[in-house]
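Student:
Protein chains: 2
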Amino acid sequence: MNTQSTRADNILRCARSLIVRGGYNSFSYADISKVVGIRTASIHHHFPSKSDLVRVLVAQYREEAAAGLSQLEQAIPDPLDQLRAYLGYWERCFADMAAPFCVCALLAGEIPVLPEEVAAEVRAHFRQLADWLTGVLERGAAQGRLRLSGTARADAEMLLATTHGAMLSARAYGDATAFGAITRPLLERIAA
Amino acid sequence: MNTQSTRADNILRCARSLIVRGGYNSFSYADISKVVGIRTASIHHHFPSKSDLVRVLVAQYREEAAAGLSQLEQAIPDPLDQLRAYLGYWERCFADMAAPFCVCALLAGEIPVLPEEVAAEVRAHFRQLADWLTGVLERGAAQGRLRLSGTARADAEMLLATTHGAMLSARAYGDATAFGAITRPLLERIAA
DNA sequence: GACAGGCTCCCTACTAGTTGGTAGGTTTGG
DNA sequence: CCAAACCTACCAACTAGTAGGGAGCCTGTC
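Right, dumping it as structure tokens:
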């Protein structure tokens with residue numbers, strides 16, 4: 001296993017931070033070039049086209065998300081605490097200004113103008129996340145820890161939507177604390 | 001009052017439908033030119049710069065929204081029905097494929113790369129909408145028609161976030177019915 | 001040990017097309 | 001006649017992407 005940061009990794013990391021600011025059409029190979037210190041032609045060597053770059057970027061993002069969620073599931077037994085940890089992760093992201101937006105939430109809005117391969121990855125992320133949340137809610141309800149207002153799936157979709165909407169609101173208001181202010185009451189209400 | 005569709009109106013209408021697809025950076029003067037049947041230079045005559053165009057576009061959108069909401073408030077006395085009408089409006093937009101996204105919700109995600117003047121308009125729209133929802137919830141609670149889970153303001157922000165998030169989910173899943181599936185249970189739960 | 005071949009990575013140089021925007025002249029309607 | 005509206009003809013900067021070459025590095029072979 002190779003943990004040293006390769007050029008391709010640098011490019012992906014940089015592209016992610018750029019895409020998180022304003023989506024697919026808000027950055028160019030030239031922008032990456034300036035930050036990473038590489039010529040645009042060399043970026044094409046690693047990622048022949050922009051859609052390749054973003055497809056890989058989102059796929060990698062999804063893998064990290066999956067890994068993070070399964071690790072979180074292992075470390076934290078209680079379903080309510082798992083939700084808390086999930087939302088807490090994003091709250092910390094906003095506080096740090098590290099990556100104050102979900103890549104896929106941003107790209108979802110742009111789906112009509114996205115290359116099909118990228119759109120498919122975004123779609124898959126939404127399903128993945130909704131599935132995970134559904135599982136957590138099901139277990140929480142079975143254990144009597146959570147009080148659902150509908151089916152686990154329906155509540156999961158609502159939770160997902162509120163989370164993404166809270167990101168939009170935080171951006172719109174220019175207030176990082178808005179995310180927590182919106183999502184925290186969600187948890188209090190769902191706790192049995 | 002001049003109800004005939006002027007050139008500037010056509011440009012704005014066209015730009016709106018383009019911007020709704022993928023945000024600020026997803027369309028160009030050339031795109032508008034092709035649809036409206038006018039040269040790009042002539043668009044600059046009506047809107048000197050792109051940020052002017054989008055600022056006016058969002059301001060007009062906000063006016064329409066304000067007018068729509070106040071009209072809705074006049075026509076429908078019951079607060080719960082007002083919420084139903086508001087969400088129903090968007091549900092119909094998705095069904096028609098007419099304008100299946102809120103201009104400001106889309107632009108909110110891109111705020112870091114938006115011209116400041118446009119960002120200010122988007123911010124104002126969020127506040128305007130949150131204010132309206134807060135008012136509806138307050139009245140609904142006072143009349144015993146709605147059962148709030150927090151303050152009216154907090155519930156309004158959550159409702160707003162869920163609505164916007166549901167738009168993202170509908171796009172991500174490529175399923176227009178997803179919007180209603182997510183938002184309808186919201187109303188059932190809030191109804192006293 | 002030398003050395004050729006091939007591979008990865010990155011470069012310079014270039015392309016065609018698009019971007020938002022300008023200068024200045026012409027048409028059109030009151 | 002005047003002004004708004006629209007045009008042609010530009011522009012410089014930027015877009016993603018290509019062609020081709022050179023430096024370094026491993027690997028197989030004599």
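Those sequence lines, one after another, are chains A and C. Using UniProt numbering, you'd call the opening residue of the first sequence number 1 and step up by one each time. Using UniProt numbering, you'd call the opening residue of the second sequence number 1 and step up by one each time. Think of the CB as a built atom: it goes at the ideal place given N, C-alpha and C, for glycine as much as any other residue. Note that this is a predicted model, so its numbers are computed, not measured.
From C:Ile32 to C:Leu53, what does the alpha carbon distance come to, in whole angstroms?
Tutor: Those two C-alpha atoms are separated by around 11 angstroms.
Student: Which residues share a DSSP beta bridge with C:Ala191?
Tutor: C:Leu146
Student: Within its chain, find whatever has a CB closer than 6 angstroms to the CB of A:Thr3; leave out the 5 residues flanking it on each side and keep chain order.
Tutor: Reliability of the predicted coordinates at A:Thr3 is poor, the pLDDT of 45 falling under 50, and no value is obtained from them.
Student: What are the start and end residues of the alpha helix (DSSP H) that includes C:Met167?
Tutor: Counting along the chain, the alpha helix (DSSP H) containing C:Met167 begins and ends at Ala152 to Tyr173.
Student: Only counting the same chain, and skipping five residues up and downstream in sequence, which positions put a Cβ closer than 7 angstroms to that of C:Thr134?
Tutor: Ala152, Arg153 and Ala156
Student: Judging by CA-CA distance, which residue of A:Met167, A:Ala192, A:Arg184 and A:Lys50 is the nearest neighbour of C:Glu110?
Tutor: A:Met167
Student: What three-state label does DSSP hand C:Asp131 in the structure shown?
Tutor: helix
Student: Residues of chain C with a CB under 8 angstroms from the CB of A:Asn10: which are they?
Tutor: Within 8 angstroms Cβ-Cβ: nothing; A:Asn10 doesn't reach chain C, min ~21 angstroms.
Student: If you follow the alpha helix (DSSP H) that C:Gly88 is part of, which residue opens it and which one closes it?
Tutor: Pro79 to Asp96
Student: Out of C:Ala67, C:Leu137 and C:Leu187, state which residue places its alpha-carbon closest to the alpha-carbon of C:Gly150.
Tutor: C:Leu137
Student: Going straight from the alpha carbon of A:Leu72 to that of A:Ala59, what length do you get?
Tutor: 20 angstroms
Student: In terms of alpha-carbon separation, which member of C:Arg7, C:Pro79, C:Lys50 and C:Thr6 lies closest to C:Trp132?
Tutor: C:Pro79
Student: Go ahead and pull the three-state DSSP assignment for C:Leu114.
Tutor: Of the three classes helix, strand and coil, the one that applies to C:Leu114 here is coil, per DSSP.
Student: Using beta carbons (cut-off 8 angstroms, strictly below), is A:Met158 in contact with chain C?
Tutor: Chain C, which has a Cβ nearer than 8 angstroms to the Cβ of A:Met158, makes this yes.
Student: At the 8 angstroms Cβ level, is A:Arg123 part of the contact set with chain C, yes or no?
Tutor: yes
Student: Taking a Cβ distance cut-off of 9 angstroms, strictly less, list which residues of the UniProt domain "HTH tetR-type" (5 to 65) of chain A are near chain C, in chain order.
Tutor: Flagged, chain order: Val20, Arg21, Gly22, Gly23, Tyr24, Asn25, Ser26 and Phe27.
Student: Using 8 angstroms as the Cβ pair cut-off and three pairs as the minimum, do the region 35 to 47 of chain A and the region 29 to 43 of chain C touch?
Tutor: no
Student: When every heavy atom of the ligand NAP is checked, does at least one fall within less than 7 angstroms of the C-beta of A:Thr183?
Tutor: Only the bare structure without any ligand can be found here, which leaves the ligand NAP out of the picture.
Student: How many angstroms separate the CA atom of C:Pro88 from the CA atom of C:Gly165?
Tutor: According to the sequence displayed, residue 88 of chain C carries Gly and not Pro. For C:Gly88 and C:Gly165, the distance between alpha carbons rounds to 16 angstroms.
Student: Helix, strand or coil for A:Ile38 per DSSP?
Tutor: Looking at A:Ile38 - three-state DSSP - the assignment turns out to be coil, as it is neither helix nor strand.
Student: Are the beta-carbon atoms belonging to A:Arg16 and A:Val103 less than 8 angstroms from one another?
Tutor: yes
Student: What residues in the region 102 to 117 of chain A have a beta carbon less than 8 angstroms from any beta carbon of chain C?
Tutor: Cys104, Ala105, Leu106, Ala108, Gly109, Glu110, Ile111, Pro112, Val113 and Leu114
Student: Could you tell me whether any Cβ in chain C is nearer than 8 angstroms to the Cβ of A:Tyr173?
Tutor: Among the CB atoms of chain C, one or more fall inside 8 angstroms of the CB of A:Tyr173.
Student: Count Cβ pairs between the region 107 to 125 of chain C and the region 179 to 189 of chain C that sit closer than 8 angstroms; are there 3 or more?
Tutor: By the Cβ test, the region 107 to 125 of chain C is not in contact with the region 179 to 189 of chain C, since fewer than three Cβ pairs between them sit closer than 8 angstroms.
Student: Determine the burial state of A:Ser70: buried for a count of at least 16 other Cβ atoms within 10 Å of its Cβ, exposed for fewer.
Tutor: So A:Ser70 ends up on the exposed side.
Student: Would you mind reading off the limits of the alpha helix (DSSP H) that contains A:Gly109?
Tutor: Per DSSP, A:Gly109 belongs to the alpha helix (DSSP H) from Val103 to Gly109.
Student: What does C:Ser169 touch in chain A if you count any residue whose Cβ is under 7 angstroms from its own?
Tutor: Phe126, Glu157, Leu160 and Ala161
Student: Could you check the C-alpha separation between C:Leu159 and A:Ala95 for me, to the nearest Å?
Tutor: 23 angstroms
Student: Would you call A:Met1 buried or exposed, if buried means 16 or more other Cβ atoms sit within 10 Å of its Cβ?
Tutor: Note that A:Met1 scores a pLDDT of 37, beneath 50, so its modelled location is shaky; the value from the coordinates is reported in the next line. The residue is exposed, with fewer than 16 neighbouring Cβ atoms inside 10 Å.
Student: Out of A:Ala65, A:Ala191 and A:Ala170, which has the shortest C-alpha to C-alpha gap to A:Glu91?
Tutor: A:Ala170
Student: So if I threshold CB-CB distances at 7 angstroms, which residues from the region 70 to 93 of chain C count as touching chain A?
Tutor: none
Student: Take A:Ala30 and list the residues in its own chain whose beta-carbon comes closer than 8 angstroms to its own, dropping the five residues that flank it on each side.
Tutor: Thr40
Student: Starting from the C-beta of C:Leu83, find all residues in its chain whose C-beta is less than 7 angstroms away, skip the five residues before and the five after it, and write them out in chain order.
Tutor: Val136 and Leu187
Student: Answer with yes or no whether the minimum CB distance from C:Gly180 to chain A is below 8 angstroms.
Tutor: Judged by the 8 angstroms Cβ criterion, C:Gly180 is not in contact with chain A.
Student: Quick one: using the 10 Å Cβ neighbour count with 16 as the cut-off for buried, is A:Ala191 buried or exposed?
Tutor: exposed
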